[in-house]
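Student:
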Amino acid sequence: MKGSPSLSGGRLAAGGGGRLVLPVVLSATFVQLLNVTVAQIAAPAIRTDLGAGSGAVQLILAGYTLTYACLLITAARLGDRYGYHRLFVLGTVVFIAGSVAAACAPDATFLIAARLVQGAGSGLVAPQVLSIIRVAVPAARRPRALGLFGATVTPPPG
Numbered sequence: 006m007k008g009s010p011s012l013s014g015g016r017l018a019a020g021g022g023g024r025l026v027l028p029v030v031l032s033a034t035f036v037q038l039l040n041v042t043v044a045q046i047a048a049p050a051i052r053t054d055l056g057a058g059s060g061a062v063q064l065i066l067a068g069y070t071l072t073y074a075c076l077l078i079t080a081a082r083l084g085d086r087y088g089y090h091r092l093f094v095l096g097t098v099v100f101i102a103g104s105v106a107a108a109c110a111p112d113a114t115f116l117i118a119a120r121l122v123q124g125a126g127s128g129l130v131a132p133q134v135l136s137i138i139r140v141a142v143p144a145a146r147r148p149r150a151l152g153l154f155g156a157t158v159t160p161p162p163g
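What the sequence shown shows, in our numbering, is residues 6 to 163, in sequence order.
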């Protein structure tokens, strides 16, 4: 994979088409960002339903972001080495596993652990998105793709 502008053994080489690639990677990006907002909105319900103290609620909110941020550089390098597609899929599986665990959390401690897993999944996925866009979207369509990426990650005014 080293030095190769391809995804997973050349299935989607540069300019290779793949019209579904952009909606998939942008949807993943949107869900990652939405996950932070949803947890913030749900914080009062989490506190009530799980009996979480203020420290636990802070860990539930910050744990996701912490693991996400800590993995970005390493995940980007792993994507270069083992393939962007492979890391994107792995990160998505980890994120989904964390989401299922979070949905089933019986207590705050379990939810904190699940949020750490979700953050790790997001941290694996996030750096692959721009690399996948660079490799899978033809050069002529890339400015529009990057504009859509920017619109996805930019919060609305207000």
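Glycine included, C-beta positions come from ideal geometry on N, C-alpha and C.
This structure is a prediction, so every number in the text was calculated from the model and none was measured.
Exposed or buried, what is Arg16 when buried is set at 16 or more other beta-carbons lying within 10 Å of its beta-carbon?
Tutor: Note that Arg16 scores a pLDDT of 47, beneath 50, so its modelled location is shaky; the value from the coordinates is reported in the next line. Under this definition Arg16 is an exposed residue.
Student: Under 6 Å Cβ to Cβ from Gly126, same chain only, skipping five residues before and after it: list those, please.
Tutor: Here the set comprises Gly96, Val99, Phe100 and Gly103.
Student: Does DSSP classify Pro160 as helix, strand or coil?
Tutor: Coil.
Student: Between Val41, Gly128, Val142 and Leu25, which lies nearest to Ile78 when the distance is taken from Cα to Cα?
Tutor: When only C-alpha atoms are compared, the closest one is Gly128.
Student: Does the beta-carbon distance from Gln133 to Leu71 come in below 7 Å?
Tutor: In this structure, Leu71 does not lie closer than 7 Å to Gln133 by Cβ.
Student: Using a Cβ-Cβ cut-off of 6 Å (strictly less than) and excluding sequence neighbours within five positions of Tyr73, which residues of its own chain qualify?
Tutor: Counting only Cβ-Cβ distances below 6 Å, and skipping sequence neighbours, we find Gly124, Ser127 and Gly128.
Student: Going by beta carbon distance, what residues of the same chain come within less than 7 Å of Leu64, once the five residues before and after it are set aside?
Tutor: Counting only Cβ-Cβ distances below 7 Å, and skipping sequence neighbours, we find Ile117.
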